[in-house]
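Presented below is the structure to which this report refers.
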Amino acid sequence: MKTKKQFGQHWLRSERVLDRIMAAAALGENDRVLEIGPGMGVLTTRLARKVPVVAVEIDRDLCTHLVKKMGSLDNFLLLQGDFLQMDVAEQLTNFPRFQQPNKVVANIPYNITGPILEQLLGDIAAPLAPAFASITLLVQKEVAERLTAKPGTKAFGAFTVRIQYLAECELICPVLAKDFSPPPKVDSAVIQLRPRPFAQVAAQPLWLDKLVRMGFSSRRKMLRKNLQSSIAGNPDENRDKIGCLLTKLGSNSEARAEDLTVSQWIELSNILGQEEICASPET
Ligand code: SAH
15 MKTKKQFGQH WLRSERVLDR IMAAAALGEN DRVLEIGPGM GVLTTRLARK
65 VPVVAVEIDR DLCTHLVKKM GSLDNFLLLQ GDFLQMDVAE QLTNFPRFQQ
115 PNKVVANIPY NITGPILEQL LGDIAAPLAP AFASITLLVQ KEVAERLTAK
165 PGTKAFGAFT VRIQYLAECE LICPVLAKDF SPPPKVDSAV IQLRPRPFAQ
215 VAAQPLWLDK LVRMGFSSRR KMLRKNLQSS IAGNPDENRD KIGCLLTKLG
265 SNSEARAEDL TVSQWIELSN ILGQEEICAS PET
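Sequential numbering from 15 applies to the sequence shown in this note's numbering.
In C-alpha cells form, the structure reads like this:
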C-alpha cells in the first residue's frame, strides 16, 4: 500500500526489532495494550496473539485494510481517528474487554512524538492518573537520546528533566533507517518509559516546570546566572545565594543546567519555591 507522508508512515520490517519490542513489553495475561498508529498491523498482529489490543489509526484506507486482515480477531479493536483529538476512554465505554489499557506499545508517527508523550504521561503539574505500567515506543534516535540522557551530557535538556520527572526512561535498542520501508531520513530507537511511583515530589510542580525552562534558557551560561531573576531580590545577591545552594545540594556553584540530576532539580525548586513564596508580597 502506498504510504502517506503527512501521517509519518514508515512500515517496520525487521523481525529482530519486533522481537525486542515484544520482549520489552513483557505482556502477561492481565495486560491490555493501547497501540497508536498500527499501520499495516505488523506489530498489532503480534500483540493481539497475546492480549487484547485497542489500536488508534488516523488513515481510513489503512483502517479498511486492518479490518479485512484482523477484524475477526477477538483480541483486536480498531478506533479510527486522530489519537491527539480522541477520548479513548470514552470510545471504550461499550467494549469492556478493552477498557483501561495498562500498557502502550507503538511505533508512532515521529512528527507528533511530543504531543503523544504529553498525552501518555501528562505533565509535571498534572501527571496522568492512573499512569500506564509501561510505554514502549519506537522513536527518532535523537529523541531517544534526549529522553535517556544522563546529567552532564549535551543531550540532557529541559525536555529530559520534564520527562524523567514523570517516568524512568530506558533505551531498549537502536533501530536503523533501513529497518523500515520506506526508510525514514533518521535512525530510530526503541525506548521504554515507566511512569514513576513518585519517590520524590516537587512541592510546586508548576514552579519546577518554570524553573527548568529558565535554567536551560541559555545553556552556555551558569545556572546561577540563568536563575538570578527567578526569585525576588537583587540579582547579584541571588547569584551568590543560588551558587551556595547548588553546592549544598551536592553540585557546585558554577554548575550549568545540564549538570543537575532530576532529583537535584526537584530539591532546588522546592527550596527556591519557598523563597519565592516568602518574597512574593514584595514583587
Ligand atoms: N506501527 C506501524 C506503522 C508506523 S507509521 C509499523 O510499525 O509498521 C505511523 C502510523 O501512525 C501510520 O499508520 C499513520 O497512519 C499513523 N498515524 C499518524 N498520525 C496519527 C494520529 N494522529 N493518530 C493515529 N494514528 C496516526
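In this text, a Cβ means the ideal position worked out from N, Cα and C, and glycines have one as well.
Next on the checklist: Restricting to Cα atoms, I'd like to know which of Ile138, Val215, Thr58 and Pro196 is closest to Ile177.
Outcome noted: Ile138
Next on the checklist: When you compare the stretch 257-266 with the stretch 195-209, are there three or more beta-carbon pairs, one atom per stretch, that lie closer than 8 Å?
Outcome noted: no
Next on the checklist: Going by beta-carbon coordinates alone, are Leu237 and Ile280 separated by less than 8 Å?
Outcome noted: no
Next on the checklist: For a minimum of 3 consecutive residues, which ranges assigned as the beta strand (DSSP E) are wholly contained in the stretch 126-210?
Outcome noted: 148-154, 181-189 and 202-209
Item to check | DSSP-derived helix/strand/coil call for Val276 | outcome: helix
Next on the checklist: Between Gly53 and the ligand ATP, is there a pair consisting of the residue's CB and a ligand heavy atom that are separated by less than 7 Å?
Outcome noted: Here the bound small molecules are the ligand SAH; the ligand ATP is not part of this structure.
Next on the checklist: Output needed for Ser277: all residues of its chain with C-beta closer than 7 Å, excluding positions within five of it in sequence on either side, in chain order.
Outcome noted: Gln214, listed in sequence order.
Checklist entry - With 16 other CB atoms within 10 Å as the buried threshold, where does Ile291 fall? => result With a pLDDT of 43 at Ile291, under the threshold of 50, the predicted position of this residue should be treated as unreliable, though the coordinate-derived value follows. Ile291 comes out exposed.
Next on the checklist: Is it buried or exposed, Pro110, if we count other Cβ atoms within 10 angstroms and call 16 or more buried?
Outcome noted: exposed
Checklist entry - Is Pro123 near the ligand SAH, in the sense that its beta carbon is under 7 Å from a heavy atom of that ligand? => result yes
Checklist entry - For Ile50, which of helix, strand or coil comes out of DSSP? => result strand
Next on the checklist: Just to confirm the assignment, what range does the alpha helix (DSSP H) spanning Glu104 have?
Outcome noted: Val102 to Gln105
Checklist entry - Relative to the C-alpha of Val157, which residue among Cys183, Leu92 and Pro66 is closest? => result Cys183
Next on the checklist: Any contact between the stretch 156-172 and the stretch 89-98? By contact I mean 3 or more CB pairs, one from each, below 8 Å.
Outcome noted: no
Checklist entry - If you run the structure through DSSP and keep just helix, strand and coil, what is Asn284? => result helix
Checklist entry - Should Gln288 be counted as a contact of the ligand SAH given a C-beta to heavy atom distance under 7 Å? => result No, Cβ of Gln288 sits at least 7 Å from all heavy atoms of the ligand SAH.
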